[in-house]
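Here my numbering is used: the first residue of the sequence shown is 175, the next is one more, and so on. No residue lacks a Cβ here, since even glycine has one placed at the ideal position from N, Cα and C. On a predicted model such as this, the values are computed, not experimentally measured, just so you know. To start, the structure under review is shown below, and the notes come after it.
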Amino acid sequence: MNENFLQPCTIELNKQAMQKNIRFLYGRSDKDIKISSVIKGNAYGHGISTFLPMAEECGIDHFSVFSADEALGAYKNRKKPDTDIMIMGMIRDAELEWAVEHGVEFYVFERERLEAAVKAGKRVGKKARIHLQVETGMNRTGFDGDELDDIFRKVAESKEHLELMGICTHYAGAESVANYYRITKQNERFLEVLKMARSYFDPLPIVHAASSAAYLTYPEMHYDMARVGIAMYGFWPSSETYMHTLKNDNSFVDDPLQRVLSWKSEIMSTKNVAAGEFIGYGNTFLTSSDMLIATVPIGYTHGFARNLTNAGYVLIGGERARVVGLVNMNMITVEITDMPDAKKGDEVVLIGHQGDKDITVASFGEMSNNLNYEVLTRLPSSIPRRVV
Ligand SMILES: *Cc1c(COP(=O)(O)O)cnc(C)c1O
């Protein structure tokens, strides 16, 4: 018996869209910059095991993750031995040796980790590849100004066990013009730190600070590498970033960023419901006339939010069909009265386009771009992903 059952929904990654985004992003810098693809949060819901090899094929050779377990996932899924992986956040002392052994780069933002990195390098017999993160005003992680001399000296003295790969910082919200002053101050502090670092390291290692928003908005913050997440997946970090980009370059005909991900399911069943009946659990939806409905086998277990009850839309046969009744754990009901030809097995688009209609990720939230991050990372890792 064939037990290779298909799941009720699939996520498709569009390689051409990805290539287009990468080309656009490289075109935004005058410098010979390197772009690290940020793939924390299961590659922003795109699925690390599918996304990473696709990104490698598109020419990306540096990936940033949050934690050691994500680094392990990236390491196992890379296809090219020269692909670099960098941990920007959580790594336990016990996990350091694995990182050193496998050449995985990691942030160092406190003295204890620096000491542990030296020890791990010594024990493994390979240099720990570290990025020093400095505090410039985000106030989350990073070395403070008054400890830097000491830290730089220690790094310089530990060359035998450490390879200083980078010096970096992170801006506190470059996607909003409201943070302009804070970001600018951060960058001034970062420049001072770099000046100091020059007396210890010549040449300086790779300097990096910008995420998507800073990269698209502040060319003076490009440095040697940018850590780009959301934009590579085809989303603007905010509508301000979008406006800023278009205002400074009116040569674009279409949106230069293209969504990489689509999410699809199919019609499970169709049914006629008479006027005056409730649909599904409880009494959230009462039919005012005879209605044709379709059930679609996706629900909040798959990340289709309950607040789309009586509010969300899907695409069937190139037309919008509205969600009627409660979003269930594994099922939704949508109205297809105007689509008498719709039948079991027909494609249902939850995110993506069909014909000339489109359903955006933002429409899952409150039509706000900032929620893209959250909606995307809520897509469960159990949904199969494939490249198209
Ligand atoms: C998530 C993250 C990024 C990428 O941010 P985007 O807005 O998705 O481009 C860059 N740097 C750090 C430290 C991050 O945590």
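Three-state secondary structure assigned by DSSP to residue i
i	result
Ser542	Unreliable placement is indicated for Ser542, whose pLDDT of 44 sits below 50; the coordinate value is still reported in the next sentence. In this structure, Ser542 counts as coil in the three-state DSSP scheme.
Tyr281	strand
Gly563	Nothing about residue 563 can be read from this structure; the chain reaches only from 175 to 562.
Leu336	strand
Ala384	coil
Lys238	Checking the sequence shown, residue 238 turns out to be Ser, not Lys. Strand at Ser238.
Arg303	strand
Ser211	strand
Ser556	coil
Gly319	helix
Glu521	strand
Thr534	coil
Arg494	strand
Val561	strand
Asp258	strand
Val274	helix
Thr224	helix
Val508	strand
Gly526	strand
Lys438	strand
Val427	coil
Val501	coil
Contact test: residue i Cβ vs ligand 1 heavy atom, cutoff 6 Å
i	result
Ser385	yes
Cys219	Looking at the sequence itself, residue 219 is Gly, so the reference to Cys does not match. No, Cβ of Gly219 sits at least 6 Å from all heavy atoms of ligand 1.
Val212	yes
Ile404	yes
His344	yes
Pro411	yes
Met399	no
Met262	yes
**Report entry** Three CB pairs or more closer than 8 Å across the stretch 254 to 268 and the stretch 276 to 290
**Finding:** Taking a cut-off of 8 Å for Cβ pairs, the stretch 254 to 268 and the stretch 276 to 290 touch, as three or more such pairs fall below it.
Query raised in the report: Could you give the uninterrupted runs of the beta strand (DSSP E) lying entirely in the stretch 440 to 489, keeping only those of 3 residues or more?
Result: 443 to 447, 465 to 470
**Report entry** Given 8 Å, three or more beta-carbon pairs between the stretch 327 to 335 and the stretch 354 to 368
**Finding:** no
Query - Stretch-stretch touch, CB-based, cutoff 8 Å, three pairs: the stretch 420 to 436 with the stretch 514 to 531 - result: yes
Query raised in the report: Can you list, in chain order, the stretches of the beta strand (DSSP E) that have 3 or more residues and sit fully within the stretch 183 to 207?
Result: 184 to 187
Query raised in the report: Does the stretch 374 to 381 come close enough to the stretch 413 to 431 to have 3 or more Cβ pairs within less than 8 Å?
Result: no
Report task. With a floor of 3 residues, list each beta strand (DSSP E) that falls wholly inside the stretch 335 to 420, ordered by position along the chain. Result -> 336 to 342, 380 to 382, 399 to 402
Query raised in the report: Are the stretch 221 to 238 and the stretch 457 to 472 in contact at 8 Å, needing three or more beta carbon pairs?
Result: no
**Report entry** Touching by the beta-carbon criterion (3+ pairs, under 8 Å), the stretch 191 to 208 and the stretch 387 to 397
**Finding:** Between the stretch 191 to 208 and the stretch 387 to 397, the count of C-beta pairs closer than 8 Å reaches three or more; the two stretches touch.
Query raised in the report: Do the stretch 399 to 412 and the stretch 446 to 453 touch if we need at least three Cβ pairs shorter than 8 Å?
Result: no
Query raised in the report: Does the stretch 456 to 464 come close enough to the stretch 555 to 562 to have 3 or more Cβ pairs within less than 8 Å?
Result: no
Report task. Would you check if there are 3 or more beta carbon pairs closer than 8 Å linking the stretch 286 to 305 to the stretch 344 to 363? Result -> no
Query raised in the report: Any contact of the stretch 474 to 484 with the stretch 513 to 521, i.e. 3+ C-beta pairs under 8 Å?
Result: With the cut-off at 8 Å, the stretch 474 to 484 and the stretch 513 to 521 do not touch.
Query raised in the report: Would you call the stretch 506 to 518 and the stretch 175 to 182 in contact, with 3 or more CB pairs under 8 Å?
Result: no
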